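> This is the structure I have questions about; it appears just below.
2 protein chains.
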Amino acid sequence: MTATQTPAPEADWLRLDRQICFSLHAASRAFNSVYRVILKDLGLTYPQYLVMLVLWEQGDLPVKKLGEHLRLDSGTLSPLVKRLEGAGLVRRERSVQDERSVQVRLTEEGVALRERALEVPRRIVTATGFELAEIGELRERLDQLTSTLDAAALEEAEGCR
Amino acid sequence: MTATQTPAPEADWLRLDRQICFSLHAASRAFNSVYRVILKDLGLTYPQYLVMLVLWEQGDLPVKKLGEHLRLDSGTLSPLVKRLEGAGLVRRERSVQDERSVQVRLTEEGVALRERALEVPRRIVTATGFELAEIGELRERLDQLTSTLDAAALEEAEGCR
DNA sequence: AGCCATTTAGTTGTGCACAACTTAATTGTG
DNA sequence: CACAATTAAGTTGTGCACAACTAAATGGCT
Numbered sequence: 001m002t003a004t005q006t007p008a009p010e011a012d013w014l015r016l017d018r019q020i021c022f023s024l025h026a027a028s029r030a031f032n033s034v035y036r037v038i039l040k041d042l043g044l045t046y047p048q049y050l051v052m053l054v055l056w057e058q059g060d061l062p063v064k065k066l067g068e069h070l071r072l073d074s075g076t077l078s079p080l081v082k083r084l085e086g087a088g089l090v091r092r093e094r095s096v097q098d099e100r101s102v103q104v105r106l107t108e109e110g111v112a113l114r115e116r117a118l119e120v121p122r123r124i125v126t127a128t129g130f131e132l133a134e135i136g137e138l139r140e141r142l143d144q145l146t147s148t149l150d151a152a153a154l155e156e157a158e159g160c161r
Numbered sequence: 001m002t003a004t005q006t007p008a009p010e011a012d013w014l015r016l017d018r019q020i021c022f023s024l025h026a027a028s029r030a031f032n033s034v035y036r037v038i039l040k041d042l043g044l045t046y047p048q049y050l051v052m053l054v055l056w057e058q059g060d061l062p063v064k065k066l067g068e069h070l071r072l073d074s075g076t077l078s079p080l081v082k083r084l085e086g087a088g089l090v091r092r093e094r095s096v097q098d099e100r101s102v103q104v105r106l107t108e109e110g111v112a113l114r115e116r117a118l119e120v121p122r123r124i125v126t127a128t129g130f131e132l133a134e135i136g137e138l139r140e141r142l143d144q145l146t147s148t149l150d151a152a153a154l155e156e157a158e159g160c161r
């Protein structure tokens with residue numbers, strides 16, 4: 001394969017096992033897979049669970065605010081929230097003050113589900129096999145990574161000017 | 001909200017900013033987003049790029065082997081590889097020895113694309129803003145997490161017996 | 001040889017992510 | 001006030017992930 005003079009150190013960069021992206025991709029899917037199993041009891045998918053977490057924590061919110069908490073847009077949230085509504089966990093109501101906005105409100109059933117969700121995080125922590133401190137550290141590093149990447153994405157986008 | 005005697009420490013567990021899953025979910029999407037921008041020049045999506053990485057590294061492979069490297073099944077790979085074929089980067093050929101198997105072979109175009117892909121990892125590392133050592137460390141931890149989670153998923157699945 | 005379990009791809013259906021677009025309500029400005 | 005720009009939600013289309021299934025080929029076993 002096109003042996004150059006130098007031992008082509010750049011080729012090494014393409015090795016799959018060297019790519020952080022693959023590790024992250026795999027970890028994300030592995031997590032998703034564990035959540036799928038644990039959340040099946042609650043009848044929730046993983047992204048639906050995230051939405052419920054926000055609602056339990058913040059109370060009723062417009063779709064817009066939900067999206068800010070989760071970094072998701074209406075293209076993702078609209079159908080997702082409709083499915084939650086179909087499951088009887090939330091209601092969607094046009095705001096009276098601003099008719100553009102749709103409030104997502106927990107139903108009684110939605111509030112009640114929180115009790116059953118309380119055990120989920122513990123089960124997840126157990127599944128990771130990590131100590132709490134380790135998880136906190138990892139989380140911090142991932143958050144740092146995310147904010148740097150977000151900034152970089154903006155620069156790349158602007159770089160096309 | 002059902003104030004118990006104890007200050008209900010479990011409630012804290014549901015806080016979004018405490019959940020490793022959300023950090024990982026967000027980091028994964030942030031990475032995906034950076035890759036989307038950088039890979040647009042090559043006409044590849046992020047998972048397509050992963051498939052090409054494997055082929056560049058391992059040479060032609062049956063779909064089955066591809067899936068083992070990437071932990072993806074035929075339900076994901078079959079349409080993905082067809083799109084790569086549509087883009088002229090690979091050919092799919094039934095194996096003669098075993099007609100169940102389909103070899104995925106790089107075309108000349110597919111091989112040539114590797115040259116242009118060489119700069120991708122460097123651009124990604126830059127975008128993360130991390131030192132190489134930091135990335136290696138993070139990658140290691142994520143891989144460890146993935147293997148533990150995979151094992152846990154199996155146990156959970158068996159737990160339903 | 002004949003039959004059954006396994007293996008390999010592929011298909012179908014559901015749900016998520018996101019870009020690009022539409023629609024309707026609101027805000028700002030001349 | 002009128003009209004352009006902005007904002008919120010939703011829609012459409014593409015692609016990925018995965019479960020559940022089908023179809024065809026293979027291998028083992030009696």
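Protein sequences appear in the order of chains A and B. 1 is the number of the first residue of the first sequence in UniProt numbering; add one for each residue after it. 1 is the number of the first residue of the second sequence in UniProt numbering; add one for each residue after it. For each residue, glycine too, the CB sits at the ideal point set by N, CA and C. These numbers were taken from a predicted model, which means no experiment stands behind them.
(1) May I ask you to verify whether the region 24-31 of chain A touches the region 17-27 of chain B, counting CB pairs closer than 8 Å and requiring at least 3?
(2) From the DSSP output, read off the bridge partner residues of Pro62(B).
(3) Considering only residues of the region 17-50 of chain B, which uninterrupted alpha helix (DSSP H) runs meet the minimum length of 4 residues and lie entirely inside it, listed in chain order?
(4) With a cut-off of 8 Å, does the C-beta of Val81(A) fall near any C-beta of chain B?
(5) Answer yes or no: does any C-beta atom of chain B fall closer than 8 Å to that of residue 164(A)?
(6) At what residues does the alpha helix (DSSP H) containing Val96(B) begin and finish?
(7) Run through DSSP, which three-state label would Arg71(A) get?
(8) Closest to Ala26(B) by CA distance: which of Ala151(A), Leu142(A) and Ala153(A) is it?
(9) Kindly confirm or deny that the region 131-150 of chain A and the region 103-119 of chain A touch, where touching means at least three C-beta pairs closer than 8 Å.
(10) In the DSSP assignment, what residue or residues form a beta bridge with Leu91(B)?
(11) If I'm right that Gln103(A) touches Asp60(A) with Cβ under 8 Å, what's the distance once you round it to whole angstroms?
(12) Just checking my contact of Leu77(A) with Gly67(A) at CB under 8 Å: how many whole Å lie between their CB atoms?
(13) Does the Cβ of Lys64(A) have 16 or more other Cβ atoms within 10 Å, making it buried, or fewer, making it exposed?
(14) Are the beta-carbon atoms of Ser95(A) and Pro47(A) separated by less than 8 Å?
(15) Have a look at Ala153(B), Gly129(B) and Lys82(B) and flag the residue whose alpha-carbon is nearest the alpha-carbon of Thr128(A).
(16) Using a beta-carbon distance below 8 Å, is Leu84(A) in contact with chain B?
(17) In this structure, does DSSP put Glu57(B) in helix, strand or coil?
(18) Quick one: using the 10 Å Cβ neighbour count with 16 as the cut-off for buried, is Thr146(B) buried or exposed?
(19) State yes or no: is the beta carbon of Pro62(B) nearer than 8 Å to at least one beta carbon in chain A?
(20) Please state the DSSP three-state secondary structure of Leu132(B).
(21) Against Asp143(A), what residues of chain B qualify as contacts under a CB-to-CB distance less than 8 Å, listed in chain order?
(22) For Val111(A), count the other beta carbons within 10 Å of its own beta carbon; 16 or more makes it buried, fewer makes it exposed. Which is it?
(23) What does Val34(A) reach in chain B if we use C-beta pairs closer than 8 Å?
(24) What's the C-alpha gap between Thr107(B) and Glu85(B)?
(25) Can you pull the chain A neighbours of Leu50(B), defined as C-beta to C-beta under 9 Å?
Taking the structure as given:
(1) yes
(2) Gln103(B)
(3) 20-40
(4) no
(5) Because chain A here runs from 1 to 161, residue 164(A) falls outside it and cannot be looked at.
(6) Premise fails: Val96(B) is in no alpha helix (DSSP H) and is neither H nor E.
(7) coil
(8) Leu142(A)
(9) no
(10) Residue identity differs from the one stated: residue 91(B) is Arg in this sequence, not Leu. According to DSSP, which records beta bridges pairwise, Arg91(B) is partnered with Arg105(B).
(11) 6 Å
(12) 6 Å
(13) exposed
(14) no
(15) Ala153(B)
(16) no
(17) helix
(18) buried
(19) no
(20) helix
(21) Ser23, Ala26 and Ala27
(22) exposed
(23) Leu149, Ala152, Ala153 and Glu156
(24) 9 Å
(25) Leu16, Gln19, Cys21, Phe22 and His25
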